[in-house]
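Protein chains in written order, with my numbering: chain A, 1 to 257; chain B, 258 to 649.
Report on the structure given below.
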């Protein structure tokens, strides 16, 4: 099955968007995601992960021109709101304080998904998933199933924030990162940047961008690599997991062909 | 509202684990006799409430899976063992790369992390056997079940709080329709943990006694644990058939339901539309029915608007507690049991029913032919799922 890639989005420290990423010069002032699309009240509810996811998916909505009030949305994250959870445990067992009800309600994995649906008044499909470093591939498979059976565009955003340092060794650290794509059916109704299909174990022909070690080990870097390839107009095979996973995206850029 | 174009999918096996027991006989006994599985917790969670604990002895994961051995891993192993015969048959029919694995959980390995964090606070370091990746993450549960079942197709965990256990059914149905897989193992598993007990306590949503969904004086929820797995195949001898799934959002509030049950209503309507049947074809509803004032009234309004007031409705949370990320899968299994057994268990603790609830809450065991059943699940984030299951 082949689909179109119609929109891209990205947020990571130094890069508030795909254009900034392509320019390749990090902006030191981009250190906290704005979450502006969430609105004032829900922006306050969201943590930094939720804001980064919101910023990236909002960019992909704008880039693709899809209607965010109706498009199915998928949020992928390997560890989700683990930092919020550890904060609550810290409240309970180190500080001896009662649990904050507000913190508890946004400790669920789908907190960002819910806040995004509220912000865009989207009463349709919304989901939230995880599959470690295979999360980008899993999200793309789930989206392909939706495109195939609904004929609708589907928005995907994958992101993770640093693992709570208390829980892991320093070698497992990675920065905040969120990347987004909008997939559409190839029905002539949508402007398409690239055509894409998924496969496994094909030789990788598109070299991923050079990134620091901590970004390279980020579980969502596979989606960053796909965004980068599509944005640069590349055609070929992209690995969706830099940790040795087998999932690949075969892309044919509509600009270059 | 987008309605995926899918075909009915045979469910060729399922297995259920909860506070009523780990075997079909134990669970049927509890439902038939109206016996709750809720009781005082066996370990001190620091919250005064009843819980629905799994009391079955759980296997310890060994060999290459030893580092993944946690409570949720043990529950997963027990469930997989219960589905062994069906899985063997499926592996003989379908290439392992064409068998998907879609699991729901909200807690994942939170229990392991809580114990590790308590150790960290007391001792200043994590316990040596704690492994965040293999014990905490949702990917750990996925790895355990993939290893035990041999499923090598697409696989992931869906975590949408209390709809986590329902959404995998929809994923499997779509991927089979899109010819991306031939079969799928789906379900949901959650364990009791301090985070959810203290969190719902902070929201003042916990009943101190066993919960009483739809009761006039209901006082909140009871938390439970458990899981259920089901095997969906492109074709095969169905025990029940998945006809439709509605997945919607309230787009209203992060934790409160839409007061008119808007998303709940549209989820049920979408499931019925996808199945190509009409509201009059629905013979029973397993409600989300948590036992909170707001949830039960909003859901009852939604059911009334979609199905009228006569369809028999139960909440089974009086038996198991609210099993959160497992609830959708466990309650699918209850819905399937009603179809197969021809009786609806009493909605435990519901009598006298809240006068604000106009629908037909079954307070007595009710026998009959129940061909099509809706099972509702609603979640934080305003996430709503309704499964429509029918007899073969």
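We put the beta carbon where it would ideally sit given N, CA and C, even for glycine.
Residue i in three-state terms, based on DSSP
i, result
"residue 247 of chain A", "strand"
"residue 419 of chain B", "helix"
"residue 605 of chain B", "coil"
"residue 305 of chain B", "coil"
"residue 267 of chain B", "strand"
"residue 479 of chain B", "coil"
"residue 569 of chain B", "strand"
"residue 257 of chain A", "With a pLDDT of only 37 at residue 257 of chain A, under 50, the local geometry of the prediction cannot be trusted, and the value read off the model is given with reservation. Looking at residue 257 of chain A - three-state DSSP - the assignment turns out to be coil, as it is neither helix nor strand."
"residue 488 of chain B", "strand"
"residue 11 of chain A", "strand"
"residue 540 of chain B", "coil"
"residue 346 of chain B", "helix"
"residue 504 of chain B", "strand"
"residue 453 of chain B", "helix"
"residue 200 of chain A", "strand"
"residue 443 of chain B", "strand"
"residue 579 of chain B", "strand"
"residue 595 of chain B", "helix"
"residue 472 of chain B", "strand"
"residue 383 of chain B", "coil"
"residue 16 of chain A", "coil"
Element boundaries [alpha helix (DSSP H), containing residue i]
i, result
"residue 113 of chain A", "111 to 119"
"residue 332 of chain B", "328 to 339"
"residue 275 of chain B", "Counting along the chain, residue 275 of chain B falls outside any alpha helix (DSSP H), and DSSP gives it neither H nor E."
"residue 553 of chain B", "550 to 564"
"residue 396 of chain B", "395 to 406"
7 Å Cβ cutoff, residue i in contact with chain B
i, result
"residue 93 of chain A", "yes"
"residue 118 of chain A", "yes"
"residue 256 of chain A", "Residue placement at residue 256 of chain A is poorly supported in this model, since its pLDDT is 42, which falls under 50; the coordinates still yield a value, given next. Not closer than 7 Å to any Cβ of chain B, the Cβ of residue 256 of chain A fails to qualify, so no."
"residue 50 of chain A", "no"
"residue 114 of chain A", "yes"
"residue 109 of chain A", "yes"
"residue 63 of chain A", "no"
"residue 196 of chain A", "no"
"residue 128 of chain A", "yes"
"residue 132 of chain A", "yes"
"residue 101 of chain A", "yes"
"residue 89 of chain A", "yes"
"residue 167 of chain A", "yes"
Any C-beta of chain A under 7 Å from that of residue i
i, result
"residue 414 of chain B", "yes"
"residue 395 of chain B", "yes"
"residue 499 of chain B", "no"
"residue 639 of chain B", "yes"
"residue 504 of chain B", "yes"
"residue 259 of chain B", "yes"
"residue 266 of chain B", "no"
"residue 294 of chain B", "no"
"residue 455 of chain B", "yes"
Bridge partners - residue i, DSSP secondary structure assignment
i, result
"residue 413 of chain B", "B:359"
"residue 195 of chain A", "A:4, A:252"
"residue 646 of chain B", "B:499, B:630"
"residue 351 of chain B", "Bridge partners of residue 351 of chain B: none, in fact."
"residue 641 of chain B", "B:505, B:635"
"residue 600 of chain B", "B:624"
"residue 618 of chain B", "B:570"
Unbroken beta strand (DSSP E) run spanning residue i, endpoints
i, result
"residue 632 of chain B", "629 to 636"
"residue 160 of chain A", "154 to 160"
"residue 318 of chain B", "No beta strand (DSSP E) holds residue 318 of chain B; DSSP gives it neither H nor E."
"residue 42 of chain A", "Looking at the DSSP string, residue 42 of chain A is not in any beta strand (DSSP E); the run it does join, the alpha helix (DSSP H), is 40 to 45."
"residue 75 of chain A", "73 to 76"
"residue 258 of chain B", "Per DSSP, residue 258 of chain B belongs to no beta strand (DSSP E) and is neither H nor E."
"residue 236 of chain A", "236 to 239"
"residue 128 of chain A", "126 to 130"
"residue 183 of chain A", "177 to 184"
Among the options, nearest to residue i - alpha-carbon criterion
i, options, result
"residue 3 of chain A", "A:199, A:38, A:232, A:102", "A:199"
"residue 357 of chain B", "B:429, B:321, B:395", "B:429"
"residue 584 of chain B", "B:635, B:566, B:593, B:286", "B:635"
"residue 612 of chain B", "B:367, B:532, B:553", "B:553"
"residue 514 of chain B", "B:608, B:550, B:493", "B:550"
"residue 409 of chain B", "B:352, B:444, B:388", "B:352"
"residue 533 of chain B", "B:500, B:432, B:543, B:258", "B:500"
"residue 470 of chain B", "B:307, B:578, B:337", "B:578"
"residue 378 of chain B", "A:84, A:139, A:123, A:91", "A:91"
Chain E residues whose Cβ lies nearer than 8 Å to that of residue i
i, result
"residue 54 of chain A", "Although the question refers to chain E, the structure presented lacks it and instead comprises the protein chains A and B."
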